Every structure is written in structure tokens, then in C-alpha cells.
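First the structure, in the form of C-alpha cells, and then the observations on it.
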Amino acid sequence: MKRVIAVVLALCPLTFSQTKNPVTTVVQQILPRQESNLTGAVEAMPADKFGYKPTPQQMSFGKLVVHIIESDNFLCSKIGDISEPKIPEPSETDSKEKLAGALKASFDFCKAALEKTDDSKLGDTIELHGGRQGPRALAMFALTNDWADHYSAAAMYLRLNGILPPSAQKK
Numbered sequence: 063m064k065r066v067i068a069v070v071l072a073l074c075p076l077t078f079s080q081t082k083n084p085v086t087t088v089v090q091q092i093l094p095r096q097e098s099n100l101t102g103a104v105e106a107m108p109a110d111k112f113g114y115k116p117t118p119q120q121m122s123f124g125k126l127v128v129h130i131i132e133s134d135n136f137l138c139s140k141i142g143d144i145s146e147p148k149i150p151e152p153s154e155t156d157s158k159e160k161l162a163g164a165l166k167a168s169f170d171f172c173k174a175a176l177e178k179t180d181d182s183k184l185g186d187t188i189e190l191h192g193g194r195q196g197p198r199a200l201a202m203f204a205l206t207n208d209w210a211d212h213y214s215a216a217a218m219y220l221r222l223n224g225i226l227p228p229s230a231q232k233k
């Protein structure tokens, strides 16, 4: 068991002696890559494809972008214990430029929210979707999971339209 812990600590970019807030710090470190991938996916999708749905049961690409914006703003408001930004409600029929700007703003909001918290607050009880109660840590984990899930969906939509997603492009 000691060997396993030693290997994990050797591979981890942070150690507990390096930061008092390892969870918050790791989420802050994940954000730039996810922001780059998600905003890159929105930029890569042609404006005339924002209404594209792989199947009738799935949301359109535009609706996916709206969902990401709303998820970022909701979860980050809970993480930072601050009010959601006062913005016009995004619509899947908004222009590509408007949705791209709102997505960028949602990531800026998340950056600000993450700066307002630390790991000592992860156990605080917050209200989540549907009035459920849970620890603030759940909002952090949901946020990073959502980014991965949303990028996976966006990458699929791009590939189905013959477009290579940002993370698959040569650097």
C-alpha cells in the first residue's frame, strides 16, 4: 500500500505539502484546457450547423452550447457562493458569435468563482439542481465531469460534420 501511495504522489503534479487547496487548485488547472477545447469546438462548428442534431432525440449543437453556459453559470455560482451573472437568457437560435461570447463569459465567471473558494468550504451544504442539498465538493466534481461530457458531445457533433475537434488537431 505504501508503494502505491508513493507512485501516485510521484505522478501527481501537486503534493499536499505544495498547496493547502489541492481540490480547488486542480479544478483551476483543469479549467484552461476545457475552456480551450469547448470554445474551440464552438469556433470550429460552422454557424449554419448550430441547428444540427445527430438524431431527433438529441439536442442541437446550439442547444448543447446553451446547456454548457447554463451549467457553468449555475455550478460556478454554487462553488463560489455568488449569484449567477445577470445575462440575457441564451437561446439555441442565437447567433454563433453571441453563443461563443456567452460561453467565454461563463468560463470567466467560473475563474472568478474558483478564486472565491478554497478546500475548507468543500464540505459546506449547498442547494443543487431540483432543490437537493449536497456538499460544495459535489458542484466542483459535477463541473469537471460536465466539461468532459460536454466536450465529448461537441467533438462527436464536429466529427459527424467532417470537422476534426480541437483536441485531435495537430499542434
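Numbering (our numbering), first residue to last: 63 to 233. Think of the CB as a built atom: it goes at the ideal place given N, C-alpha and C, for glycine as much as any other residue. Every value quoted in this text rests on a predicted model; they were computed, and no experiment measured them.
Below 8 Å CB to CB, which residues in the same chain sit around residue i once its five sequence neighbours on both sides are set aside?
i	result
Pro104	Residue identity differs from the one stated: residue 104 is Val in this sequence, not Pro. Excluding positions up to five away in sequence, the list reads Val127, Lys158, Leu161, Ala162, Leu165, Ala216.
His129	Met121, His212
His191	Phe136
Ile92	Thr206, Trp209
Taking residue i as the reference, give the member of the options with the closest Cα.
i	options	result
Ser145	Ala167, Thr117, Ala175	Ala175
Phe171	Asp186, Asn83, Gln90, Pro84	Gln90
Asn223	Pro94, Pro116, Ser98, Asn83	Pro116
Lys173	Leu137, Phe112, Arg194, Gly192	Leu137
Val142	Met202, Met218, Asn207	According to the sequence as given, residue 142 is Gly; it is not Val. Measuring from the Cα of Gly142, the nearest candidate turns out to be Met202.
Is the distance from the Cβ of residue i to the Cβ of residue j below 7 Å?
i	j	result
Ser168	Asp134	yes
Asp180	Thr86	yes
Leu237	Ala106	The question about residue 237 has no answer, for the chain in this structure spans 63 to 233.
Phe99	Pro197	It is Asn, not Phe, that sits at residue 99 in the sequence shown. Going by C-beta atoms, Asn99 is not nearer than 7 Å to Pro197.
Ile188	Lys233	no
Determine, using beta carbons only, whether residue i comes closer than 7 Å to chain C.
i	result
Ala215	Here there is only one protein chain, and chain C is not present.
Can you name, in chain order, every residue of its own chain whose Cβ lies under 6 Å from the Cβ of residue i, other than the five neighbours on each side?
i	result
Gln231	none
Ile131	Pro152, Ala164, Leu165, Ser168
State the Cα-Cα distance for the pair residue i and residue j, rounded to the nearest angstrom.
i	j	result
Leu226	Thr101	14 Å
Pro147	Pro118	32 Å
Pro152	Gly124	10 Å
Glu177	Leu205	15 Å
Arg194	Phe112	33 Å
Val88	Pro94	11 Å
Buried or exposed for residue i, going by 16 or more other Cβ atoms inside 10 Å?
i	result
Gly185	exposed
Ala109	exposed
Leu149	With the sequence shown as reference, residue 149 is identified as Ile, and Leu is not the correct amino acid for it. When all chains shown are included, Ile149 counts as exposed.
Val66	No answer about Val66 holds up, because its pLDDT of 47 lies below 50 and its placement is not dependable.
Beta-carbon within less than 7 Å of residue i's beta-carbon, same chain only, minus the 5 sequence neighbours each way: which residues are those?
i	result
Gln96	Trp209, Tyr213
Thr155	Gly124
Tyr114	Ser122, Phe123, Tyr219, Asn223
Any chance the CB of residue i is under 6 Å from a heavy atom of the ligand FMN?
i	result
Ile144	Because no ligand of any kind appears in the structure shown, any question about the ligand FMN cannot be addressed here.
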